[in-house]
Amino acid sequence: MLELTFTADDLVRTRFAISPLWEVVASVRALRDPARAALHLPWVRTVHASLDQVDVGLLLDLVPLTGRTPDFVTVPPATPLAELAEELDRLRSVRPAQVRADLEDTGISRNAALTALYTDPEAGLRELVETIQRYWDVALAPHWQRMRTLLEGDVFRRARQITTSGAQEFFAGVHPDVRWEADRLYVSHRPYSHSRSARGLGLLLVPSIFAWPQVFTLTTAPWQPTLLYPAYNIAALWERGRAESDALAGVLGRTRASLLTQLDTPATTTELAKRLDLTTGGVSQHLTALLRAGLLTSHRDGKYVSYTRTLTGDALVEAGRTRTDKPLPNPADCPATAIQAHRHTLRHQLETRRFHPEARGS
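Rendered as structure tokens:
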């Protein structure tokens with residue numbers, strides 16, 4: 535069990551960030567143990583053959599199937615929407631003493647490659663950066679735009695939840711192994727047990743595609759304490775599409791029901807038009823109507839606008855999927871508290887069915 539103590543300054547400095555580098559490490563774990571990452575099997579099948587042609591041995595050595603990855607490999611991102619290039623620059627500049635200390639702390643058995651990294655960290659880090667870039671180009675770059683959109687949508691959704699519901703409810707929904715009590719954050723890690731202070735640095739909250747079904751933490755100096763948690767609705771990421779229910783189509787119309795169902799993950803007007811073989815103008819009109827009804831929310835990133843469902847939209851879609859024999863709720867009759875309770879129940883059912891009790895982060 536990790537116990538992380540917060541002060542008022544820590545709470546003020548708590549922030550969200552997206553990290554391609556952490557996603558690299560988490561995805562390697564998924565590749566090495568696909569049985570524990572069943573949600574990502576479509577991705578595993580896609581990239582496995584391609585990686586046979588790429589030398590990523592050093593990266594695999596540093597991300598063992600069991601045990602800890604050295605902390606320097608997952609340097610916390612310095613900016614909210616980090617790019618891989620800037621994270622690799624930070625990795626390349628990690629002090630040699632830090633590399634050696636982290637390798638000693640994890641206790642990973644050192645083969646020839648890790649011995650070389652320990653002996654000459656500067657040269658080893660350059661090789662590691664090149665290895666990660668090769669892995670990224672093959673395994674994650676082709677999917678990154680959609681992954682990033684989902685991660686940004688998670689940040690938007692969770693930040694709104696903290697604002698409206700507070701820290702305790704937010705952390706309760708992040709993962710079954712995470713809870714907030716008074717001024718402390720508790721994360722169930724086995725066999726690890728330690729108490730730490732956030733040291734006035736706050737907490738970095740990093741949603742992840744590939745962390746599922748685990749949660750990971752980094753709490754050692756000099757890094758900012760970091761919590762890597764499964765992003766919302768990653769199950770929909772690799773799906774080709776979601777069919778709308780007849781009941782939902784009966785309420786909203788076939789096109790609007792299809793759009794609402796597609797928005798399990800954030801998407802732009804152009805992406806939705808391609809998926810459903812519609813004109814962008816027509817999709818835009820329907821999205822505007824769904825926005826006005828309170829079923830969607832929008833998020834701008836530069837010239838792109840992504841749409842995702844609101845809590846009311848979630849409740850309407852879930853009701854259509856699971857109770858098609860009964861009338862769908864009117865969005866105007868769904869108070870936020872009732873919808874949150876409904877989502878909490880659904881999430882609990884999914885987590886108790888999918889999460890492996892023995893699969894804990896380190």
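For the sequence shown, the numbering used here begins at 535 and goes up steadily by one.
We put the beta carbon where it would ideally sit given N, CA and C, even for glycine.
From a predicted model like this one, the values you see are computed outputs, not experimental measurements.
Nearest neighbour of Ala693, chosen from Ala560, Arg682 and Val708 [CA to CA]: Reading the sequence shown from its first residue, position 159 is the one you call residue 693. Nearest option by C-alpha distance: Val708.
Let me make sure I understand the geometry here. Which of Leu593, Leu738, Thr751 and Thr804 has the alpha-carbon closest to that of Arg490? A question about residue 490 goes unanswered here, because the residues of the chain that appear run from 535 up to 896.
Throw me the rounded Cβ distance for the Arg691 and Tyr766 pair, which I believe falls under 8 Å. For the purposes of this step, residue 691 is identified with residue 157 of the sequence shown, where counting begins at 1. For the purposes of this step, residue 766 is identified with residue 232 of the sequence shown, where counting begins at 1. Between Tyr766 and Arg691 the Cβ distance is about 6 Å, and since that is below 8 Å, they are a contact.
Distance between Gly601 and Gln587 (C-alpha atoms, nearest Å): Indexing the sequence shown from 1 puts residue 587 at position 53. Indexing the sequence shown from 1 puts residue 601 at position 67. A straight-line Cα-Cα distance of about 27 Å links Gln587 and Gly601.
If we count the other Cβ atoms within 10 Å of its Cβ and call it buried at 16 or more, is Tyr763 buried or exposed? Looking up residue 763 in the sequence shown gives position 229. Counting Cβ neighbours within 10 Å, Tyr763 comes out buried, since at least 16 surround it.
Return the CA-CA distance between Thr803 and Gly641, expressed in angstroms with no decimal places. In the sequence shown, the residue the question calls residue 803 occupies position 269. In the sequence shown, the residue the question calls residue 641 occupies position 107. So the two alpha carbons sit approximately 49 Å from each other.
When DSSP labels each residue in this structure, what does Phe690 get in the three-state scheme? By 1-based counting over the sequence shown, the position of residue 690 is 156. Under the three-state reduction of DSSP output, Phe690 falls in the helix class.
Going by beta carbon distance, what residues of the same chain come within less than 7 Å of Leu880, once the five residues before and after it are set aside? The count along the sequence shown starts at 1 and reaches residue 880 at position 346. Here Leu880 scores only 32 on pLDDT, less than 50, and its place in the model is too uncertain to base an answer on.
Within the same chain, show all residues whose beta-carbon is closer than 7 Å to that of Leu596, passing over the 5 residues directly before and after it, in chain order. Locating residue 596 in the sequence shown gives position 62, where the first residue counts as 1. Cβ neighbours of Leu596 beyond the five flanking positions: Thr603, Pro604 and Val607.
Would you mind reading off the limits of the alpha helix (DSSP H) that contains His820? As a first step, residue 820 is located in the sequence shown; it is residue number 286 there, counting from the start. Its alpha helix (DSSP H) spans residues Thr814 to Arg826.
To the nearest angstrom, how far is the alpha carbon of Val712 from that of Arg718? Mapped onto the sequence shown, residue 712 falls at position 178. Mapped onto the sequence shown, residue 718 falls at position 184. About 11 Å.
Under 8 Å, with one C-beta from each stretch per pair, do the region 560 to 569 and the region 627 to 643 reach the 3-pair mark? In short, these stretches do not touch, since the Cβ pair count stays below three.
Whole angstroms is fine: what's the gap from Gly775's alpha carbon to Leu684's? The sequence position of residue 775 within the sequence shown is 241, counting from 1. The sequence position of residue 684 within the sequence shown is 150, counting from 1. Residue placement at Gly775 cannot be trusted, given a pLDDT of 47 that sits under 50; what the coordinates show is reported in the next sentence. The straight-line gap from Cα to Cα measures roughly 15 Å.
Determine the DSSP secondary structure at Pro811, reduced to helix, strand or coil. Stepping through the sequence shown from its first residue, residue 811 is reached at position 277. Note that residue 811 is Asp in the sequence shown, not Pro. Here Asp811 sits in coil by DSSP.
Going by the beta-carbon positions, is the gap between Thr760 and Leu538 smaller than 8 Å? Here residue 760 refers to the residue found at position 226 when the sequence shown is read from its first residue. Here residue 538 refers to the residue found at position 4 when the sequence shown is read from its first residue. No, they are not a contact pair.
Count the other CB atoms, across all protein chains shown, that sit within 10 Å of the CB of His582; report buried if there are 16 or more and exposed otherwise. Translated into positions along the sequence shown, residue 582 becomes position 48. By the Cβ neighbour-count rule, His582 is exposed, with fewer than 16 other Cβ atoms within 10 Å of its own.
Return yes when the Cβ of Trp757 is within less than 8 Å of the Cβ of Val609, no when it is not. The residue labelled residue 609 in the question sits at position 75 within the sequence shown. The residue labelled residue 757 in the question sits at position 223 within the sequence shown. In this structure, Trp757 lies closer than 8 Å to Val609 by Cβ.
Among Leu622, Gly847 and Asp543, nearest to Gly828 - alpha-carbon criterion: Mapped onto the sequence shown, residue 828 falls at position 294. The shortest C-alpha separation from Gly828 is found at Gly847.
Please determine if the region 733 to 741 and the region 543 to 552 are in contact, where contact requires at least 3 C-beta pairs separated by less than 8 Å. Segments in contact, yes.
Once the 5 residues before and after Arg668 are set aside, which same chain residues still bring their CB inside 6 Å of it? Translated into positions along the sequence shown, residue 668 becomes position 134. Shown here for Arg668: same chain residues with a beta carbon closer than 6 Å to its own, the five before and five after excluded, namely Val588 in chain order.
When DSSP labels each residue in this structure, what does Pro611 get in the three-state scheme? What you label residue 611 is simply residue 77 of the sequence shown in a count that begins at 1. Residue state, collapsed to three classes: coil.
What number of angstroms, rounded off, separates the C-alpha of Ala732 from the C-alpha of Phe750? Residue 732 sits at position 198 when you count from the first residue of the sequence shown. Residue 750 sits at position 216 when you count from the first residue of the sequence shown. Taking the straight line from one Cα to the other gives about 16 Å.
I think Ala901 touches Ser832, with their Cβ atoms under 8 Å apart; what is that distance to the nearest whole Å? The question about residue 901 has no answer, for the chain in this structure spans 535 to 896.
Hey, quick one: how far does the alpha helix (DSSP H) through Phe750 stretch, first residue to last? On the sequence shown, residue 750 is found 216 positions in, with the first residue counted as 1. Premise fails: Phe750 lies in the beta strand (DSSP E), Phe750 to Leu752, not in any alpha helix (DSSP H).
Near Leu625, what residues of its chain come up, given a Cβ to Cβ distance below 8 Å and the 5 sequence neighbours on each side ignored? Indexing the sequence shown from 1 puts residue 625 at position 91. Excluding sequence neighbours, Leu625 sits near Leu555, Phe606, Val607, Val609, Leu659, Leu662, Val663 and Ile666.
Measure the beta-carbon distance from Arg809 to Gln796 and round it to whole angstroms, keeping in mind my assumption that it falls under 8 Å. Sequence index remark: in the sequence shown, residue 809 carries index 275 (1-based). Sequence index remark: in the sequence shown, residue 796 carries index 262 (1-based). About 6 Å; that satisfies the 8 Å criterion.
Could you name the residues of the same chain whose beta carbon sits closer than 6 Å to that of Ala769, not counting the 5 residues immediately before and after it, in chain order? Counted from its first residue, the sequence shown places residue 769 at position 235. A distance below 6 Å between beta-carbons, with the five flanking residues on each side excluded, links Ala769 to the following residues of its chain, in chain order: Leu573.
DSSP state of His709 mapped onto helix, strand, coil: Position 175 of the sequence shown, counted from the start, is the residue given in the question as residue 709. Looking at His709 - three-state DSSP - the assignment turns out to be coil, as it is neither helix nor strand.
Mark Gln702 as exposed unless 16 or more other C-beta atoms lie within 10 angstroms of its C-beta, in which case mark it buried. By one-based count along the sequence shown, residue 702 stands at place 168. A residue is called buried when at least 16 other Cβ atoms come within 10 angstroms of its Cβ; Gln702 does not meet this threshold and is exposed.
For the alpha helix (DSSP H) containing Arg579, name the first residue and the last one. Taking the first residue of the sequence shown as position 1, residue 579 is located at position 45. Where Arg579 is concerned, the enclosing alpha helix (DSSP H) stretches over Leu575 to Leu585.
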